[in-house]
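Notes follow the structure.
There are 2 protein chains.
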Amino acid sequence: MDSVMVKKEVLENPDHDLKRKLEENKEEENSLSTTSKSKRQVIVPVCMPKIHYSPLKTGLCYDVRMRYHAKIFTSYFEYIDPHPEDPRRIYRIYKILAENGLINDPTLSGVDDLGDLMLKIPVRAATSEEILEVHTKEHLEFIESTEKMSREELLKETEKGDSVYFNNDSYASARLPCGGAIEACKAVVEGRVKNSLAVVRPPGHHAEPQAAGGFCLFSNVAVAAKNILKNYPESVRRIMILDWDIHHGNGTQKSFYQDDQVLYVSLHRFEMGKYYPGTIQGQYDQTGEGKGEGFNCNITWPVGGVGDAEYMWAFEQVVMPMGREFKPDLVIISSGFDAADGDTIGQCHVTPSCYGHMTHMLKSLARGNLCVVLEGGYNLDAIARSALSVAKVLIGEPPDELPDPLSDPKPEVIEMIDKVIRLQSKYWNCFRRRHANSGCNFNEPINDSIISKNFPLQKAIRQQQQHYLSDEFNFVTLPLVSMDLPDNTVLCTPNISESNTIIIVVHDTSDIWAKRNVISGTIDLSSSVIIDNSLDFIKWGLDRKYGIIDVNIPLTLFEPDNYSGMITSQEVLIYLWDNYIKYFPSVAKIAFIGIGDSYSGIVHLLGHRDTRAVTKTVINFLGDKQLKPLVPLVDETLSEWYFKNSLIFSNNSHQCWKENESRKPRKKFGRVLRCDTDGLNNIIEERFEEATDFILDSFEEWSDEE
Amino acid sequence: MDSVMVKKEVLENPDHDLKRKLEENKEEENSLSTTSKSKRQVIVPVCMPKIHYSPLKTGLCYDVRMRYHAKIFTSYFEYIDPHPEDPRRIYRIYKILAENGLINDPTLSGVDDLGDLMLKIPVRAATSEEILEVHTKEHLEFIESTEKMSREELLKETEKGDSVYFNNDSYASARLPCGGAIEACKAVVEGRVKNSLAVVRPPGHHAEPQAAGGFCLFSNVAVAAKNILKNYPESVRRIMILDWDIHHGNGTQKSFYQDDQVLYVSLHRFEMGKYYPGTIQGQYDQTGEGKGEGFNCNITWPVGGVGDAEYMWAFEQVVMPMGREFKPDLVIISSGFDAADGDTIGQCHVTPSCYGHMTHMLKSLARGNLCVVLEGGYNLDAIARSALSVAKVLIGEPPDELPDPLSDPKPEVIEMIDKVIRLQSKYWNCFRRRHANSGCNFNEPINDSIISKNFPLQKAIRQQQQHYLSDEFNFVTLPLVSMDLPDNTVLCTPNISESNTIIIVVHDTSDIWAKRNVISGTIDLSSSVIIDNSLDFIKWGLDRKYGIIDVNIPLTLFEPDNYSGMITSQEVLIYLWDNYIKYFPSVAKIAFIGIGDSYSGIVHLLGHRDTRAVTKTVINFLGDKQLKPLVPLVDETLSEWYFKNSLIFSNNSHQCWKENESRKPRKKFGRVLRCDTDGLNNIIEERFEEATDFILDSFEEWSDEE
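Right, here's the structure in full:
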């Protein structure tokens with residue numbers, strides 16, 4: 001079967017016979033035409049055409065017989081609302097190809113001559129031998145046994161299985177997509193078509209070697225890849241399988257998990273394993289085993305609702321660099337269209353144009369050897385439009401423009417892709433620099449031993465604040481007896497217990513602005529600074545001779561694992577109230593200022609203790625942190641009081657404004673205001689005056705002052 | 001001229017007439033085949049072919065008349081070694097297309113029927129009216145005047161010009177590439193070809209509206225773009241010009257600098273303006289003016305020798321996202337091939353395959369409307385091979401695989417691309433997130449006012465060290481009277497003057513390992529640490545009851561501008577010697593340990609003072625910093641002494657090992673050793689024992705101890 005290779009080798013070295021001719025032309029090359037305008041005719045022998053790819057057609061695999069596997073109706077309801085893996089799926093794709101002139105089949109019956117653009121690749125049943133390259137004998141025999149089962153047995157097996165159904169045609173039907181995928185790949189590898197599209201069902205990528213699952217009976221793409229590698233050992237040494245079905249292709253992954261000849265790359269919803277198939281095998285850190293280590297790449301969507309921006313990002317940042325470095329001889333797309341806009345199972349928003357762009361990109365690998373095999377996708381319109389877009393690119397059309405505006409990839413996705421790149425940089429050279437870009441000084445990722453051996457940056461930051469406040473303003477520490485927190489957690493002005501008016505600033509550890517070297521990922525210390533957001537409020541309070549309590553809550557600590565900054569903040573504030581403030585003899589007015597996540601301690605205190613006698617106002621700079629409701633344990637009127645006496649400044653882009661454009665957050669969250677900008681630093685700068693004016697008003701000092 | 005638009009609109013909405021038919025088929029769609037196996041034949045009317053692009057040929061512009069513009073020979077030498085912008089350039093490209101079967105012209109004479117793959121686009125002279133869309137009347141008239149000049153006048157003008165030459169055919173020849181470029185674009189825009197290749201000369205992109213330059217007489221691509229925008233106002237609203245010639249296309253940029261209809265993107269060598277044309281206009285920060293602001297993008301190579309890795313990086317990170325967002329109706333490649341491997345003017349290493357890949361990527365823009373126009377490129381073999389690769393992709397062949405291994409982009413290039421992205425993120429949504437990725441907490445870049453208002457991180461780091469060393473080991477400060485440096489620059493063990501043995505550690509401010517949030521660019525403080533490289537040496541010395549002097553040299557300060565960490569290190573070390581150490585009564589043995597750039601202070605001291613009576617050894621951890629030679633001002637034998645008594649540990653990838661693989665660095669640099677790893681932290685870990693053993697040896701304490 002490997003005569004193909006010889007042909008290819010000749011084609012790839014088109015200059016074999018040209019040496020002599022080049023010699024002949026040398027003279028002509030040296031004669032500059034400016035002097036001799038005579039047109040010397042040089043004869044180039046008419047040679048074998050060197051262009052072999054583009055004149056070929058695109059192969060198409062389609063056969064009405066694959067429509068016979070279907071769910072047995074058990075109720076009228078199933079007739080009205082059929083199972084999503086519906087026989088019409090392949091028909092609708094075939095039909096749209098005809099309607100758009102890619103194939104010429106006015107009868108839509110599956111004719112042999114499809115016209116100028118596509119070449120029919122006849123579908124045949126995969127042989128048992130072929131299927132056994134991937135699947136166990138037991139599995140094959142079980143699927144075969146469904147042929148003879150009674151209706152009751154079939155329904156029982158359907159019930160038992162993991163999202164699969166069977167009828168008496170299932171075995172025969174399921175061998176067809178398997179054989180179709182093999183033939184579609186073979187036609188490409190043998191150079192009979194430039195690329196191919198296998199419009200087949202039932203799908204395959206969930207079928208594990210020993211079990212059916214997720215609408216899949218045999219692992220079509222895996223069976224095809226195994227048999228191609230077996231039968232074309234010289235011309236096909238490496239296959240890349242790109243699985244853009246919205247579900248993880250657990251079956252395909254398993255088939256090649258220890259194989260370095262097949263690079264399996266899957267983009268799928270994962271969501272901490274909550275999305276089907278929901279096994280740990282779909283996690284991004286599953287990179288292969290044994291000699292297959294580094295040849296498995298799961299790009300997991302941590303959230304649903306992804307679309308073009310995320311897929312294009314993943315392709316440009318991960319899939320294409322990896323594919324170019326792998327140098328496959330054949331690329332197979334496990335092409336589910338359930339990430340398509342409109343698919344209610346996938347709930348994502350990939351447009352047909354984006355499928356076109358991804359196909360176009362993949363065409364640049366493996367010298368164009370590309371085979372697209374249908375997997376899932378359940379909105380009949382969406383899969384038809386998506387498949388049309390893919391098919392057009394296969395035959396040589398340019399992809400359509402991506403819709404406008406191309407939104408930013410979701411932050412969670414950028415973060416995940418970054419993790420994937422870091423992890424895969426262990427195996428792929430192309431990611432080394434990108435890895436450095438993600439900000440690490442070390443060859444290896446930072447680990448617990450590095451953390452424990454070295455000094456935590458956040459402690460140095462608080463130490464600096466303590467230094468500054470004690471040197472400049474004689475601040476002292478307020479001890480938190482029996483709480484396992486640093487000594488300098490609470491700092492305050494001297495003689496705080498004698499103050500009449502107190503500003504209590506509760507903040508997370510100060511941010512640093514760090515300039516990072518893009519190459520080494522190291523921090524450029526010479527132009528990095530600590531951004532102390534509370535300092536302006538402290539200085540403002542000191543100017544007015546107020547007492548100041550400054551509370552620093554580390555957001556997280558290195559140990560223990562179950563530490564929570566928010567809970568610590570709550571405990572510290574309750575402690576402060578119960579052990580100090582409520583005993584302060586002179587205190588008459590308190591204003592709380594919360595910055596960042598630790599503001600939750602203030603809200604907690606106000607709900608759990610009645611501080612209204614002294615608390616005049618609460619200002620919280622929320623940024624992008626989550627809103628905390630006041631839980632009025634003291635009495636019901638607290639919520640109203642909180643709403644009246646608080647200002648909660650949120651980022652302009654805070655989630656609470658998106659969910660309900662028309663409605664404001666409820667009163668229990670306080671008076672939430674939307675700033676013009678984003679970022680704690682920016683909103684504090686924007687609202688400093690408003691916040692301090694509000695405090696002065698509440699202290700009834702406004703008229704005295706202004 | 002705009003009837004084209006109507007045609008296109010119909011073609012882009014292929015479903016116009018299908019609605020009725022879809023209705024007819026509804027019944028069929030709802031019948032599930034599992035129950036009725038009868039093949040109902042549904043008639044789809046044979047409709048107009050919907051596939052209009054891929055069946056078209058690729059246009060080719062070529063005309064032997066463009067070979068007549070040539071440099072007048074003034075010596076035999078010029079005949080042997082002709083001017084690089086050589087008439088054979090276009091012939092060699094035409095010839096390689098024929099040899100590879102892209103065109104069918106055995107005579108290489110420029111036949112009309114080029115065969116199945118390419119369509120001849122006849123070249124015509126651009127009209128004066130067309131040229132005046134870009135150029136001034138004076139310029140046009142000057143070029144016209146060369147037609148009638150005497151040989152002497154021509155030679156004089158050639159002498160005067162900026163790298164241009166003239167003969168009597170220049171005017172006629174130069175109007176041809178201009179007209180050719182227009183016709184090549186027109187054929188694409190009108191849908192007569194799917195894309196086109198204009199093999200034309202003389203090139204155009206250096207010709208400014210008012211002047212010839214850099215082998216260019218008229219700005220071919222600019223003239224074409226202006227005339228297309230003028231004549232197809234409805235169907236072509238935006239043109240992207242991608243200029244991959246190794247030189248900046250100053251002429252093209254100037255023509256559209258205030259124009260928002262043309263996005264000009266150029267990739268070129270710049271090297272601080274030292275590379276031709278060497279004007280500030282080629283700098284990366286030139287982004288357009290007026291309504292053209294944001295529509296000019298210079299991607300500048302800070303160094304020569306770039307290749308596939310850098311071009312692919314630039315395309316994926318900048319060119320393609322920007323192009324997709326711009327949504328051009330036509331893409332023109334200003335296709336110089338002087339970045340090609342083998343071009344002695346460009347001295348870069350872009351392979352033919354990489355040109356193919358870039359062309360393939362650009363084909364995904366503008367619905368495939370792509371016109372490639374030749375600019376520079378002077379190695380006849382290289383330009384022929386490169387052009388062939390581009391032409392193959394134009395007709396629909398897949399690009400060849402990129403050579404193995406695809407090296408990392410050069411660090412300088414990654415850094416530059418990062419700058420370009422940051423700058424352009426002001427104008428292009430697609431870069432917003434990538435911008436955040438480069439590590440900034442603020443909406444705006446950090447400025448002096450932010451720096452001056454906030455606390456420098458490096459001071460907090462030194463403060464923490466001081467805290468630790470004084471709390472744990474009773475370190476005290478050693479004052480540097482009248483030096484404008486922080487008090488805690490030099491710390492030492494108590495009673496240092498009475499020590500017999502002293503370890504002097506001189507280090508840059510400690511690195512921090514900072515985990516960065518990939519979305520916001522903020523530093524995740526909970527898992528960031530200060531990496532105190534000197535601490536292990538200090539503890540080791542303390543264990544042995546040595547005296548310790550710890551010197552912290554800030555690499556840079558915020559002010560003054562002319563501060564240099566290295567010079568400070570030199571001043572501090574001289575000061576320490578002159579004011580303290582040489583007066584220490586008990587000191588007998590000193591070991592210096594230098595870490596990072598500030599080690600230069602040690603080398604400086606050793607050359608400027610004779611410390612050999614007490615200095616037993618010098619250990620320097622160099623990392624990737626530059627080697628400093630010892631300047632033996634005291635006497636000539638110092639260099640030999642330094643070599644014998646020092647160990648200089650360098651990164652594995654340090655420059656000094658690359659320049660001269662066979663030779664070791666000279667003795668004046670000390671005994672330089674190459675570590676197995678890179679990075680200060682890693683090499684200290686690797687060589688800690690070797691370093692301390694070497695010190696013990698020099699102290700002659702080894703035998704006592706072990």
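Protein chains in written order, with UniProt numbering: chain A, 1 to 706; chain B, 1 to 706. Here a beta-carbon is modelled for each residue, glycine too, at the ideal position from N, C-alpha and C.
For residue i and residue j, what's the separation of their Cα atoms in angstroms?
i	j	result
residue 220 of chain A	residue 416 of chain B	46 Å
residue 133 of chain A	residue 509 of chain A	58 Å
residue 596 of chain A	residue 390 of chain B	55 Å
residue 298 of chain B	residue 398 of chain A	27 Å
residue 549 of chain A	residue 678 of chain B	46 Å
residue 540 of chain B	residue 454 of chain A	16 Å
residue 533 of chain B	residue 575 of chain A	39 Å
residue 430 of chain A	residue 565 of chain A	38 Å
residue 592 of chain A	residue 292 of chain B	50 Å
residue 233 of chain A	residue 308 of chain A	37 Å
Using only CA atoms, which one of the options lies nearest to residue i?
i	options	result
residue 493 of chain A	A/193, A/249 and A/468	A/468
residue 719 of chain B	B/265, B/342, B/657 and B/331	Residue 719 of chain B cannot be examined here, being either before or after the span of chain B that is shown, 1 to 706.
residue 652 of chain A	A/63, A/638, A/422 and A/687	A/687
residue 624 of chain A	A/587, A/581, A/578 and A/680	A/680
residue 60 of chain B	B/75, B/188 and B/88	B/188
residue 97 of chain A	A/499, A/259, A/395 and A/315	A/395
residue 147 of chain B	B/164, B/140, B/169 and B/481	B/169
residue 174 of chain B	B/142, B/69, B/269 and B/241	B/69
I want to verify the contact list: residues of chain A whose CB lies under 8 Å from the CB of residue i, in sequence order.
i	result
residue 310 of chain B	In chain order: nothing, as chain A lies at least about 11 Å away.
Please return the same chain residues whose Cβ sits closer than 8 Å to the Cβ of residue i, not counting the five positions on each side in sequence.
i	result
residue 73 of chain A	79
residue 239 of chain A	225, 228, 229, 261, 262, 263, 328, 329, 330, 331 and 332
residue 645 of chain A	615, 616, 617, 618 and 698
residue 457 of chain B	512
From what residue to what residue does the beta strand (DSSP E) around residue i run?
i	result
residue 371 of chain B	370 to 374
residue 617 of chain B	615 to 623
residue 549 of chain A	547 to 553
residue 478 of chain A	Unbroken run through residue 478 of chain A: none, as it is neither H nor E.
Give the residues of chain B in contact with residue i, contact being defined as C-beta atoms less than 8 Å apart.
i	result
residue 507 of chain A	The contacting residues do not exist; residue 507 of chain A stays about 12 Å from chain B at best.
residue 532 of chain A	454 and 455
I want to verify the contact list: residues of chain B whose CB lies under 7 Å from the CB of residue i, in sequence order.
i	result
residue 464 of chain A	455, 460 and 463
residue 53 of chain A	397 and 398
residue 117 of chain A	51
Excluding sequence positions up to five away, which residues of its chain have a Cβ less than 6 Å from the Cβ of residue i?
i	result
residue 607 of chain A	630, 631, 632 and 633
residue 162 of chain A	213
Would you give the residue range spanned by the alpha helix (DSSP H) that residue i belongs to?
i	result
residue 221 of chain A	220 to 231
residue 356 of chain B	352 to 362
residue 543 of chain B	535 to 543
residue 422 of chain B	411 to 424
residue 131 of chain B	128 to 131
Residues of chain A with a CB under 9 Å from the CB of residue i: which are they?
i	result
residue 685 of chain B	Within chain A, no residue comes near residue 685 of chain B; the closest Cβ sits about 10 Å away, beyond 9 Å.
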